[in-house]
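Sequential numbering from 199 applies to the sequence shown in the numbering used here.
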Amino acid sequence: MYQGEEQAKENALLMIIFGGTGDLTHRKLLPALYHLMSEKSLSQETSIICVGRRPMDDESYRADARTSIAKFSRTGVDEAHLSDFVAHLRYRQMAFIDDQSSYGDLRSWLEEEERLYRPGAVRLYFLAVAPEHFAPIVQRLHNNHLCDRGDPMHRVMIEKPFGSNLQTARSLNNTITEALEEKQVYRIDHYLGKEMIRNIMAIRFGNSLFEPLWNHNYIDNIQITSTETLGAENRGAYYEQSGILKDMLQNHLLQMLSLITMEPPVDLMPESVRDEKVKALRSLRLFPSEGECDGIVLGQYGQGEEGGKQLRAYREEEAVDPVSLTPTYIALRAHVDNFRWGGVPIYIRAGKRLDRSLTQIVVEFKRLPGINYYKEFEGLPANLLVIEVQPAEGLYFQINAKRPGNAFQMERVELNYSQSARYHGNVPEAYEQLILEAFLGNSSLFTRWDELEYSWRFEESIENTCPKQRQHFPNYAGGSRGPEAADRMIREDGRRWWEIELPCSASDCKIK
Ligand code: BG6
199 MYQGEEQAKE NALLMIIFGG TGDLTHRKLL PALYHLMSEK SLSQETSIIC VGRRPMDDES
259 YRADARTSIA KFSRTGVDEA HLSDFVAHLR YRQMAFIDDQ SSYGDLRSWL EEEERLYRPG
319 AVRLYFLAVA PEHFAPIVQR LHNNHLCDRG DPMHRVMIEK PFGSNLQTAR SLNNTITEAL
379 EEKQVYRIDH YLGKEMIRNI MAIRFGNSLF EPLWNHNYID NIQITSTETL GAENRGAYYE
439 QSGILKDMLQ NHLLQMLSLI TMEPPVDLMP ESVRDEKVKA LRSLRLFPSE GECDGIVLGQ
499 YGQGEEGGKQ LRAYREEEAV DPVSLTPTYI ALRAHVDNFR WGGVPIYIRA GKRLDRSLTQ
559 IVVEFKRLPG INYYKEFEGL PANLLVIEVQ PAEGLYFQIN AKRPGNAFQM ERVELNYSQS
619 ARYHGNVPEA YEQLILEAFL GNSSLFTRWD ELEYSWRFEE SIENTCPKQR QHFPNYAGGS
679 RGPEAADRMI REDGRRWWEI ELPCSASDCK IK
């Protein structure tokens with residue numbers, strides 16, 4: 199709870215989704231809004247206006263929405279709640295790119311809606327459209343007084359990717375800041391809405407056990423992993439332009455890194471948290487821009503096999519160049535060059551079409567000297583703190599203890615907190631949290647422009663490195679652990695990747 203949240207909850211809401219017939223809206227936004235409305239987290243005075251280019255009336259849009267919500271809701275649906283929910287949906291056909299005058303019509307319509315039914319409503323625009331449409335839509339919303347600069351009740355949520363490099367991100371940002379004040383802009387990184395990522399601050403700053411040790415004196419290294427079994431699927435054209443660096447590293451992975459490494463903020467208000475995240479991102483050591491591969495491994499998946507099924511190589515995916523040099527995998531040794539983290543490597547790895555889907559942060563603590571000198575302690579592993587983001591949500595702490603019995607024998611034991619089991623997997627999805635926070639006017643779960651600027655700067659420092667590695671693409675089989683060079687890199691540092699499978703999954707949890 200933060201200042202003003204109680205009052206903010208009382209506001210009516212006019213949510214306008216550009217891209218109302220698109221995949222994101224049907225898979226994520228409508229189910230998220232359904233849950234928020236059913237749980238009464240949003241005002242009952244809510245209208246959701248889905249804007250799309252296709253001709254369609256309210257009734258057929260509502261019928262499609264019912265199908266998508268039933269398919270993608272995290273809990274299944276309650277028919278009565280669903281009927282209540284779809285009554286809040288409206289569809290509006292609008293050529294929002296080709297016909298500028300359509301904005302004037304939308305304005306009159308919204309003003310009427312607001313005057314008659316939703317006085318004093320928050321106007322929340324969600325741009326679930328192709329990235330090239332972000333700037334023109336924001337400009338037109340501004341020019342047509344649909345979103346007035348400086349009006350805190352008028353807000354815009356913008357999906358990623360925010361630009362395709364530092365220069366295009368700057369130019370998009372310039373357009374946006376001409377139209378809106380920073381406090382009206384909610385740049386989405388959906389990882390910030392994930393429960394266990396939100397939990398990072400709670401774990402760090404809510405436990406006297408961890409925070410005093412959270413530095414180079416006690417931590418040996420940190421590993422951030424985000425792997426997926428999915429390949430580029432039907433997004434080949436987009437992925438060719440982005441690759442793993444722009445698709446995952448510049449945003450989701452660096453956001454996790456900044457939350458793990460930032461200093462404690464003075465309070466939990468959005469600007470205080472974001473100030474600290476920016477400082478961490480500014481401290482990231484850049485890579486020399488050309489040719490130097492030390493600390494970076496890139497990969498691209500080739501053909502593979504999974505459960506007897508043949509997997510296509512990246513170069514065989516739809517809309518992908520048959521000699522593409524786009525990386526689908528990265529392993530990285532990063533350094534946050536400041537007093538807290540000097541000398542602590544932060545290993546990051548992420549990739550598509552790997553052997554499993556896992557997002558996890560492992561903090562490896564230094565070994566105590568006793569571990570080296572007591573014969574009984576020989577070979578004992580380091581303490582590990584594992585924050586599992588998905589597929590299971592939880593926290594695991596690996597310690598060493600005595601095995602029961604007469605002999606003084608040590609063994610590794612696990613303290614395990616399975617959030618998935620405790621809450622039966624019934625936790626809000628990222629988009630629920632993001633929409634709710636934007637409605638309440640709290641921007642801590644959204645990225646501020648300077649965070650993006652430093653993230654792009656880091657991404658660009660890697661973009662042109664390792665040209666030789668790309669000559670050997672594809673360099674890992676689909677369905678495998680990724681390129682062998684990633685193991686070599688960490689082995690040469692005298693370390694290993696931790697492959698931790700939490701004992702609990704959402705469906706089957708036996709606490710050991
Ligand atoms: C998106 C990327 O931002 O995040 C996708 O564009 C990726 O390529 C996805 O698959 C991963 O998100 P999640 O929530 O499935 O981990």
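Each residue gets a CB set at the ideal place from its N, CA and C atoms; glycine is no exception.
- Annotated as proximal: G676 and L509, with beta-carbon spacing under 8 Å.
- At a threshold of 7 Å, D445 counts as near ligand 1, since its beta carbon sits closer than that to one of the ligand's heavy atoms.
- For H331, the secondary structure class from DSSP, reduced to helix, strand or coil, is helix.
- Taking 7 Å as the cut-off, one finds no heavy atom of ligand 1 near enough to the beta carbon of K226.
- In this structure, K392 is the residue among G497, Y652 and K392 with its C-alpha nearest to the C-alpha of S618.
- If you draw a straight line from the Cα of P579 to the Cα of K358, it is about 40 Å long.
- Rounded to whole angstroms, the Cβ separation of G434 and E516 is 5 Å, and the two are in contact under 8 Å.
- Within the chosen limit of 7 Å, ligand 1 reaches the beta carbon of K358 through at least one heavy atom.
- Per DSSP, reduced to three states, the secondary structure at Y594 is strand.
- Its chain contains I247 and V249 as the residues whose beta carbon lies nearer than 6 Å to that of R290, once the 5 sequence neighbours on both sides are disregarded; these appear in chain order.
- Contact between F408 and P462 does not hold, since the beta-carbon distance rounds to 12 Å and is not under 8 Å.
- Cβ neighbours of T223 within its own chain (closer than 7 Å, five residues either side excluded): I215, G217, C248 and A326.
- Check the Cα spacing between P317 and each of S642, F294, S362 and S241: the tightest is with S241.
- If you ignore the 5 residues before and after P525, its C-beta comes within less than 8 Å of the C-beta of G441, I442, L443, L496, G497, Q498, R668 and F671, all in its own chain and listed in chain order.
- Apart from the 5 residues on each side of it in sequence, I698 sits with its Cβ closer than 6 Å to the Cβ of V584 in its chain, given in chain order.
- Close CB contacts of G680 within its chain, under the 8 Å cut and outside five residues either way in sequence, are with T425, G497, Y527, A529, R547, G549, L552 and Y674 (chain order).
- In this structure, L632 has its CB at a distance of at least 7 Å from all heavy atoms of ligand 1.
- D297 is classed as exposed because its beta carbon has fewer than 16 other beta carbons within 10 Å across all chains shown.
- Apart from sequence neighbours up to five positions away, the residues of its chain that approach M446 with a beta-carbon distance below 7 Å are S424 and A548, ordered along the chain.
- Under the criterion of beta carbons closer than 8 Å, Q337 and V354 do not qualify as touching, at roughly 11 Å.
- Annotation: the continuous beta strand (DSSP E) that includes M608 extends over M608 to S616.
- Taking a C-beta distance under 8 Å as the contact criterion, E438 and S362 do not qualify as a contact pair.
- A Cβ-Cβ separation of about 12 Å leaves Y389 out of contact with F644 under the 8 Å criterion.
- Remark: the C-beta of L556 is outside contact range of ligand 1, defined as less than 7 Å to any heavy atom.
- For M446, the secondary structure class from DSSP, reduced to helix, strand or coil, is helix.
- Distances from the CB of E426 to the heavy atoms of ligand 1 include at least one below 7 Å.
- Less than 8 Å divides the Cβ of N581 from the Cβ of F563.
- Under the three-state reduction of DSSP, R554 is assigned to coil, being neither helix nor strand.
- Relative to G505, the option among R554, H533 and R483 whose CA is nearest is R554.
- For Q588, the CB falls within less than 7 Å of some heavy atom of ligand 1.
- Taking all protein chains shown into account, E474 has 16 or more neighbouring C-beta atoms within 10 Å of its C-beta and is therefore buried.
- Shown here, Y652 sits in a helix according to DSSP, grouped into three states.
- Following the DSSP letters along the chain, one finds S424 inside the beta strand (DSSP E) bounded by residues I417 to T425.
- Annotation: the stretch 335–384 contains the following complete segments of the alpha helix (DSSP H) (minimum length 4 residues), in chain order: 364–377.
- Going by DSSP, T265 is part of the alpha helix (DSSP H) stretching over D256 to F270.
- Here V611 really is in contact with A599; their C-beta atoms are around 5 Å apart, less than 8 Å.
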